[in-house]
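Numbering (my numbering), first residue to last: 24 to 375.
Here a beta-carbon is modelled for each residue, glycine too, at the ideal position from N, C-alpha and C.
Just so we're clear, the structure is a prediction, and the values are computed from it rather than from any experiment.
Worksheet for the structure shown next.
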Amino acid sequence: MFDRWRAWFGAACVLGVMGASTPAWSYSPAAHVKPELLVGALEPLLNPLEHTMRFWESWSAGELAPAEVDEDAWRRVDAFDWTPPEPTAWTMVGDYPVVGTPRVDELWHTITRFKRLHWVRTRYRLKTRALRALNPDLDLNTLEVGQRLRVWRRDEARISQSVGTPSRGWLKDGEPLPSGEKHKVLHAHRAFGTYYTVSELVRVLGAYAERFPWAERLIVGDLSLRRGRKLSPHMSHRSGRDVDLTYPRRTAPPDYLRFHYIPRRDIDVERTLWLVRAFLASGMVEYMFIDRPIQRLLYREAQRQGATPEWLRAVFQYPARAGTRAIVRASKGHDDHVHIRWRCQPTDRRCD
Ligand SMILES: [Zn+2]
């Protein structure tokens, strides 16, 4: 399991260090696990720098104090069985969710010819004052191509909240999903989610990278904007609980710039089913939207692997066309990607 942490951390480091040679954005290498579990939940708030440094040291050494990791959250991936998924809430200790996944602390944008200050302001919904506060040492009037601009920084005192519904709500204090070893985030400014959305993606995609080291990278499309609300062309994706993710395929996609049509025979059914099960294992997924023909492939593969009728009924709408309470549902337009939506969690105050 430490390998998985190291791999993820390595990817974050590479992105951070590569700086100007990366695409228009990159992540800070400073990632850490928060909050502490049973003891000293307040300690990192009182002294965040020292906490980060301490974590950094243990991480670079390849060692993590077991008390800082929610071992169960990671184990769920390796231990899933055919028990029908039960709705489960985010584990909390007091007011704090217990998270075992690595997180990023900062998000950076590198100025390019076409993605200058105006682009950053509108895409990240940042006023000049906020950008100044994030970049006190920069003169925003004289930015040049290649310069890096901090566009987001974690506020240790706040936990993200999904407000309202996915089609009418918004996102408070969302955090960005970083690209990883086996997944590429299409647009950094459209990849903000709640703490649990991002954490669950990091958990499952990290496990995917470990389980299928030879596989092509997956493409992660939109989550939400930094503050949520309308995100064209989606009806939902407004409150940080939705994500679009390409199906695993047998051959490499033509490029990593957008979603591509995937011929049915090119979908890797086994790996897709693995992903579905890994996401469902947390009990926090509300829906997945997958086209009916692909559901049929997954249904048959699950049967072949020994799925129980109860599991199949709880998970797939197929073979029914409507009127079931299954998690995986058919919805038009989901032939090149799966749409995953997470349930509201105790950290959300006005979520539905
Ligand atoms: Zn979607």
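With a cut-off of 8 Å on the beta carbons, I'd call residue i and residue j a contact; round off their distance for me.
| i | j | result |
| --- | --- | --- |
| V243 | V266 | 7 Å |
| G197 | R249 | 6 Å |
| T114 | R226 | Not quite, the Cβ-Cβ distance comes to about 13 Å (not below 8 Å), so this is no contact. |
| S262 | L194 | 6 Å |
| T145 | S185 | Not confirmed; about 23 Å, so no contact. |
| R173 | E129 | 6 Å |
| T295 | Y279 | Contact doesn't hold; Cβ gap of about 19 Å is too wide. |
Please report the distance separating the alpha-carbon of residue i from that of residue j.
| i | j | result |
| --- | --- | --- |
| R240 | A232 | 9 Å |
| A343 | R352 | 10 Å |
| G306 | L335 | 15 Å |
| D289 | A230 | 22 Å |
| R287 | Y322 | 15 Å |
| H357 | R315 | 9 Å |
| V292 | Y119 | 37 Å |
| G284 | T165 | A small correction: the amino acid at residue 284 is Tyr; Gly does not occupy that position in the sequence shown. The straight-line gap from Cα to Cα measures roughly 42 Å. |
| H257 | V221 | 19 Å |
| R264 | Q326 | 30 Å |
| R372 | P277 | 42 Å |
| E91 | V121 | Bear in mind that the predicted position of E91 carries a pLDDT of just 45, short of 50, making it too unreliable to give a figure here. |
| E167 | T135 | 8 Å |
| G346 | I313 | 16 Å |
| R171 | H132 | 6 Å |
| C367 | D375 | 6 Å |
| K150 | F103 | 45 Å |
| L163 | V208 | 27 Å |
| L140 | G169 | 12 Å |
Flag this pair as yes or no: are the beta carbons of residue i and residue j separated by less than 8 Å?
| i | j | result |
| --- | --- | --- |
| E377 | R364 | Nothing in the structure corresponds to residue 377, since the chain is present only between 24 and 375. |
| Q318 | F339 | yes |
| W105 | A330 | yes |
| S190 | S247 | no |
| H360 | L268 | yes |
| R213 | L254 | yes |
Review point. What does the shell around ligand 1 hold, if a residue joins when its beta-carbon is under 6 Å from any heavy atom?
Key: Ordered along the chain, the selected set is H257, H260, D265, D267 and H362.
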